[in-house]
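UniProt numbering applies: residue 1 is where the sequence shown begins, and numbers increase by one.
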Amino acid sequence: MSSPKLVPLSPTQTMLSDRRAPHEVSPAQAPFVQAVLDWIDRPIACLDSAGRLRFANDAFAAYTGLARGALAGLPIDEALAGSPAATLAPLARAMASGGSHRERASQAGFSLRIERDADGLVCGCILLGPEILPAGGDADTRSAADLGAPVAADLAAPVAGGVHAQLDALPLAVAYLDRERRVVSGNRQGQLLFAGPVGGEIAGRIDQAFTGHAVAFEHLVPQAGSEPRWMRITLMPDLAGDEVAGVHGIALDVHGERLARSEIESRELRVRQFIDNVPLAIAWLDDQHRIGVANRAFSNAFGRDAASTMGRPIADLLGEPMGADLDAALARLQRGLSYVDERLLPIFTLPGSEAAPRWVEVRWLPDFDHGGALGFGARPRGSYLIFRDVHETRQARAAYDASVAELQRAMNSIGTPIALFDTDSRLRFANASLCELLGQGRCDADIGKPADELLPAEVLTIVAPMLARAREGFEVSTERELPLSDGSRRWWRLRFVPQRGLDGAVSGVYIVLFDVDDLKGQQRELQLSQEELRRANSLLSSHLDNSPLAALELNADLAITRWTERAERLFGWNRELVQGRSVWDLEMVGLGEVDAITRSFALVLSGLQQRVSALQRVTRADGSRIWCEWYISALADETGAVTSIFALVQDVNQRVEAEARLQQLAAFDSLTGLPNRSSLQFELAQALDRARRTGHGVAALFIDLDHFKNVNDTLGHRVGDQLLLAVARILKSCVRKSDTVSRMGGDEFMVVIEHPKVRPAAQHIANKVLAALNQPIPVEGHMLTVAGSVGIAVFPEHGQDANQLLKNADVAMYHAKERGKGRFEFYSEDLAREHEEQSLIEFSLRVAMATNQLRLHYQPRVNVADGYIEGAEALLRWTHPELGEVPPKKFIRVAEETGLIFDLGIWVFRRACEQLREWQRAGIDFGNISVNFSARQLLMRDLIDRISTILVETGADPHWLEVEVTETSMLYDVALTKKVIAALKRLGMRIAIDDFGTGFSSLSHLQQLEVDALKVDQSFVRDLLHDTGDAAITRAVISLGRGIGLHVIAEGVENRAQLAFLRECGCDAYQGYLFSPAVPAETFAGMLREQMSLGRRLSAPSGARGH
1 MSSPKLVPLS
11 PTQTMLSDRR
21 APHEVSPAQA
31 PFVQAVLDWI
41 DRPIACLDSA
51 GRLRFANDAF
61 AAYTGLARGA
71 LAGLPIDEAL
81 AGSPAATLAP
91 LARAMASGGS
101 HRERASQAGF
111 SLRIERDADG
121 LVCGCILLGP
131 EILPAGGDAD
141 TRSAADLGAP
151 VAADLAAPVA
161 GGVHAQLDAL
171 PLAVAYLDRE
181 RRVVSGNRQG
191 QLLFAGPVGG
201 EIAGRIDQAF
211 TGHAVAFEHL
221 VPQAGSEPRW
231 MRITLMPDLA
241 GDEVAGVHGI
251 ALDVHGERLA
261 RSEIESRELR
271 VRQFIDNVPL
281 AIAWLDDQHR
291 IGVANRAFSN
301 AFGRDAASTM
311 GRPIADLLGE
321 PMGADLDAAL
331 ARLQRGLSYV
341 DERLLPIFTL
351 PGSEAAPRWV
361 EVRWLPDFDH
371 GGALGFGARP
381 RGSYLIFRDV
391 HETRQARAAY
401 DASVAELQRA
411 MNSIGTPIAL
421 FDTDSRLRFA
431 NASLCELLGQ
441 GRCDADIGKP
451 ADELLPAEVL
461 TIVAPMLARA
471 REGFEVSTER
481 ELPLSDGSRR
491 WWRLRFVPQR
501 GLDGAVSGVY
511 IVLFDVDDLK
521 GQQRELQLSQ
531 EELRRANSLL
541 SSHLDNSPLA
551 ALELNADLAI
561 TRWTERAERL
571 FGWNRELVQG
581 RSVWDLEMVG
591 LGEVDAITRS
601 FALVLSGLQQ
611 RVSALQRVTR
621 ADGSRIWCEW
631 YISALADETG
641 AVTSIFALVQ
651 DVNQRVEAEA
661 RLQQLAAFDS
671 LTGLPNRSSL
681 QFELAQALDR
691 ARRTGHGVAA
701 LFIDLDHFKN
711 VNDTLGHRVG
721 DQLLLAVARI
731 LKSCVRKSDT
741 VSRMGGDEFM
751 VVIEHPKVRP
761 AAQHIANKVL
771 AALNQPIPVE
781 GHMLTVAGSV
791 GIAVFPEHGQ
801 DANQLLKNAD
811 VAMYHAKERG
821 KGRFEFYSED
831 LAREHEEQSL
841 IEFSLRVAMA
851 TNQLRLHYQP
861 RVNVADGYIE
871 GAEALLRWTH
881 PELGEVPPKK
891 FIRVAEETGL
901 IFDLGIWVFR
911 RACEQLREWQ
921 RAGIDFGNIS
931 VNFSARQLLM
941 RDLIDRISTI
951 LVETGADPHW
961 LEVEVTETSM
971 LYDVALTKKV
981 IAALKRLGMR
991 IAIDDFGTGF
1001 SSLSHLQQLE
1011 VDALKVDQSF
1021 VRDLLHDTGD
1031 AAITRAVISL
1041 GRGIGLHVIA
1051 EGVENRAQLA
1061 FLRECGCDAY
1071 QGYLFSPAVP
1081 AETFAGMLRE
1091 QMSLGRRLSA
1101 PSGARGH
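Following this line, the structure appears as structure tokens:
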């Protein structure tokens, strides 16, 4: 900053108002105030109430461009005329005169503030303008000598008290600091600034000023109650000889300029970033053609950094590659003209690479002072130089030109005449074939001529409207007979094709001529043959209409050309509707079946196969779908080329549905719809294959219903079937969708599951199944409880294939039944051994029944009163040739579980009747013979019929027979049991309740039955001497039986003490080892003969008790 020259306004110049301002400067104070104001780099002026200048600083004079002397008393309008702030004058004048209601205002970069006198009246206005000197760095240090002695002297002058008021009114802070850094004078703002916190913050700068150097810098100063503001602070040493007596401090608010400068710098940075990212190389040159500004792409193009590019003459970069053309370009720029050209210049395409010649578009534009408008005699202040890489474009254009030439040669080699007319119907191209057709060797002379000059009138009348239609964007064609240059005529097909530019607009029309003269002759011949064909076709149609198969014919596009009456009846569409339409239009074939029928049609049309048959489902006109058998064959012309497809179609819907039903029956259970055994084995095999790949487990759960046979036998097969359906639903509800539920047959079901933790998963499902089956199931008014037993086999522990897994699950299921039913068991080796033994017993028992291995033993029943035999119980015994004596408990249980008990029971009854008949013929008195019937045997529908038949066949007297029925049999179905007992009584037999006391039957049930005897179960008799409970039960049963008139028999009597107890209780008879175990028939007969020898004879029982 240069030293300001103090040219204060004279006192008379400051007295220009009739109202004295509080800041008015006296002549003695003027140098100091003026020096302070001139030190400030911003324009400052004071107006009186008339809007005239009272005083101004050097910066204001520089801003207006007027001399200081000329400013005194000058109206503000004239002072600011021609400056950027000219629009400010009316506002300043209004505020100075009090004509504005605002105390402060800002406009055109100036801040304005109203001044008031001691009475508070407006007496003027102060203007503070923008900073006009270049902004320095963080600080500006200069010696006092640089600032000029007069300034220092003026600022060092004592500040009279009157000056404070004038300085307080100024929009700046002024202070004087002595050597102790104390503020000894200054205005109010200076006191607050330099004596406050800011003084401490800039202490280092103040110390620097005390070294004799002036310091100028900008600082962010805190403000009471508002945001901090930027202030420009100037510190100037007060030199007294070689010493610094103090420091003058001046601070001016530059907050707005600082923010504006930051915004300008930010905008310049954004502009710079934008230019650097533009892919074009851009530079600005001054009027000496030196580079003033260049973006990154420009510097990179010449392999230089930005710093080395700035300031260089452009000739250094382009002089050699452009040569004399550079001078011509610069000459055009001097005249204000642009220069555009494409040049091959050495360009650096990548950093660090070598320069390579590339085609570049050079665009050089002059830059004028006034927005680029070239006035008379105006010279550009510089120029813009822009490079655009067009290397690839240039190469593409060259390639295009080459391809056009090649296309020209290719089209000339084509034998088809081709021409191109532009949108004005002028010829732009004609190939050699067209020129030859016109009778010329070349058509170069005709290029550019309109169609009406080139074509004969006859041809023009045909071509002109077609050209017009094609220019509208439509492709059109026609067939006409046209004259040739030699006078002959031929048929031609003329095709008019629009040519379109890159924007899609029509730019011309191609005319292509095809010689169809021979084709026309063939068509005439074809018409004659078609007449003959129509006659033959009529005969064929008559034959096909009477055929039992639907017939249709399709052309090569699969459009229907023939549709017989039978086709109308089969598909539902009449002939007029389908004629000419595609089979796809009718949607005869579903989307999922299109590929199959399309392949069949394609095989025939291609000639690969002469005939194809296909089973296809089609949709009829009413929407129904039927299965049809298609017999498709090709129809060919005399050359063997396939011309159409002929199809005969037969309705096979009933056959296909029957086959589907057979497949359903083969794979699924007909009753429940569940997969059957064969399907299950397939699904299980698939599951095992997946398990081997994934490492998961597979479990087979064999489920057998425990009491289903009772339901089936008592309530009939219809109820049984409904129960099976309900069970199937229950099982499906217990498993996941991914699991398989199947019916193996009868009351056996199977569940297959796959699971990573298969054993706990199988156990969980088994528990769910058992819990669900234990609940009553409503079936046709009955609440049925069937329960179930579940056997589980797991892959891979219990089997490696499907058959093994199913077999082992079956073994586990039978073990669950043996252990009490209503439970589940996992397969184990022990179970396998038990199952093998059980299977052996079952097989051997069947053999035993057929080979007379079975026999009856008879245990005598003894009268308690006299000790004589009164009858016997027939008990089954089995002696196996290898196993020896098989205990009855073991093989009777197997017979119960396998259903052999029915045949076995009938065999026992027959053998007992036969024995009875033998003893009768031998004259042996044997009393009555009792035969046991289980609960399941009582449920046999034909039991009474079979017993009646045996009685007739053996001739046995039923009055000597007694049927023992277990008490538990009454728990299954009391009504049925009562009915069977009544039927047996009608046949003449006695009825005894076996094992009485173990079945929890009620007395009401007992009274309803026509029973003759009660048998006390041996479990009570065995411990009656030691167990008071058993003794009490035995006494009660005997008392009950005698009370209702029944014959009471005790089982399992083994000692005389037991017999004595029974005699005391009034028991009628007993049987047990005390008298004799069960013995063969011969031994028992000997006992009877011995008894007879003692004069004891037995009479037949009555067979019934009175009720």
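Using N, Cα and C, we set each Cβ at its ideal position, and we do this for glycine too. Keep in mind it's a predicted model, so treat the numbers as computed, not measured.
Inter-residue CB distance, residue i and residue j (contact presumed, cutoff 8 Å)
i, j, result
"Ser828", "Met813", "Incorrect: roughly 13 Å between the Cβ atoms, too far for contact."
"Asn803", "Arg743", "18 Å between Cβ atoms; not a contact."
"residue 1168", "Leu951", "Not covered by the structure: residue 1168. The range shown for the chain is 1 to 1107."
"Ile1044", "Gly1066", "Ile1044 to Gly1066, Cβ: 13 Å. No contact."
"Trp563", "Leu552", "5 Å"
"Val758", "Val735", "Going by Cβ atoms, the distance from Val758 to Val735 rounds to 13 Å, so no, they are not a contact pair."
"Glu683", "Thr740", "5 Å"
"Ala762", "Gly791", "Not a contact, Cβ separation roughly 11 Å."
"Glu1010", "Lys985", "5 Å"
Buried versus exposed call for residue i [16 or more other C-beta atoms within 10 Å across all chains shown]
i, result
"Trp584", "exposed"
"Met750", "buried"
"Asp903", "exposed"
"Arg566", "buried"
"Asn712", "buried"
"Lys889", "exposed"
"residue 1110", "No information on residue 1110 is available, as it lies outside the stretch 1 to 1107 that the chain covers here."
"Arg54", "buried"
"Val1048", "buried"
"Ser49", "buried"
Residue i versus residue j: straight-line alpha-carbon distance, rounded
i, j, result
"Ser477", "Arg495", "4 Å"
"Gly1095", "Glu834", "52 Å"
"His717", "Leu938", "17 Å"
"Gly487", "Gly501", "38 Å"
"Asp1017", "Ile993", "10 Å"
"Ala559", "Gly580", "5 Å"
"Asp117", "Cys123", "6 Å"
"Ala771", "His755", "22 Å"
"Ala306", "Glu103", "51 Å"
"Ile418", "Asp444", "14 Å"
"Phe1084", "Val908", "17 Å"
"Glu629", "Asn710", "51 Å"
"Thr643", "Val604", "10 Å"
"Ile511", "Ser433", "12 Å"
"Asp327", "Gly82", "40 Å"
Distance cut-off 8 Å: residue i Cβ against heavy atoms of the ligand COA
i, result
"Leu586", "The ligand COA is absent from the structure shown, which contains no ligands of any kind."
Completely contained beta strand (DSSP E) runs for the stretch 301-387, where each covers 3 or more residues
339-347, 356-367
In chain order, which alpha helix (DSSP H) runs of at least 4 residues are fully inside the stretch 250-290?
255-277
Beta strand (DSSP E) runs wholly inside the UniProt domain "PAS" (403-439), at least 3 long, in chain order:
418-422, 427-430
Under 8 Å: do the stretch 376-393 and the stretch 286-303 share three or more Cβ pairs, one atom per stretch?
yes
Count Cβ pairs between the stretch 688-701 and the stretch 773-789 that sit closer than 8 Å; are there 3 or more?
no
So, does the stretch 395-406 touch the stretch 418-425, judging by three or more C-beta pairs under 8 Å?
no
Tell me the start and end of each unbroken beta strand (DSSP E) in the stretch 204-234 that is at least 3 residues and wholly inside, in chain order.
213-223
Contact between the stretch 199-216 and the stretch 238-258 is defined here as three or more beta-carbon pairs at a separation below 8 Å; is this criterion met?
yes
Extract the residue ranges of the beta strand (DSSP E) inside the stretch 43-110, only unbroken runs of 3 or more that lie entirely within it.
44-48, 53-56, 104-107
Report the residue ranges of all beta strand (DSSP E) runs contained in full by the stretch 824-861; include only those spanning at least 3 residues, in chain order.
824-826
Pairing CB atoms from the stretch 917-937 with CB atoms from the stretch 950-967, are three or more of them under 8 Å?
yes
Just list the beta strand (DSSP E) runs in the stretch 1025-1057, keeping only unbroken ones of 3 residues or longer that don't cross its boundaries, in chain order.
1047-1051
Would you be able to state if there are at least three C-beta pairs under 8 Å between the stretch 357-369 and the stretch 247-260?
no
Identify every run of the beta strand (DSSP E) within the stretch 868-903, keeping only runs that are complete inside it and at least 3 residues long; order them along the chain.
869-880, 884-886
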